[in-house]
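Below: one structure, written as structure tokens.
Numbering (the working numbering), first residue to last: 6 to 112.
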């Protein structure tokens, strides 16, 4: 998760399950819903999270693991101009860099 810039990642929505509001008014009134109830697969949506003052863009990526099981990844960005393809492309590039860094003992 990178707070000051443009992206966050949430495996299975742990940090946003009960903390997303569709509007600033909903957030102010405490009307938070679980991210799993939002229609996000293949698209993005602007929401307000409990822990952030500004809206973030979120998307849901569902994928197959090597063992055949299904994985779910919730991606979020402070860049509100991204579409789903851009959001997932940025994450995939960053993930490859993180994996390479870990391989060489830098993370």
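C-beta: ideal position from N, C-alpha, C; glycine also.
Per DSSP, the continuous beta strand (DSSP E) segment holding residue 65 begins and ends at 61-69. Counting the other Cβ atoms within 10 Å of the Cβ of residue 69 gives fewer than 16, which makes it exposed. Shown here, residue 96 sits in a helix according to DSSP, grouped into three states. Around the CB of residue 98, fewer than 16 other CB atoms lie within 10 Å, so the residue is classed as exposed. Ranked by Cα distance from residue 92, the options 76, 74 and 65 are led by 65.
Within its own chain, the residues whose Cβ lies closer than 7 angstroms to the Cβ of residue 55, once the five positions on either side in sequence are excluded, are 24 and 37, listed in chain order. By the 16-neighbour rule on beta-carbons within 10 angstroms, residue 29 is exposed. Counting every other CB atom within 10 Å of its CB across the protein chains shown gives residue 49 a total of 16 or more, marking it as buried. Within the same chain, and ignoring the five residues on either side of residue 85 in sequence, the residues whose Cβ sits closer than 6 angstroms to its Cβ are 62. Less than 7 angstroms divides the Cβ of residue 89 from the Cβ of residue 47. Straight across, the Cα-Cα distance linking residue 83 with residue 72 is about 33 angstroms.
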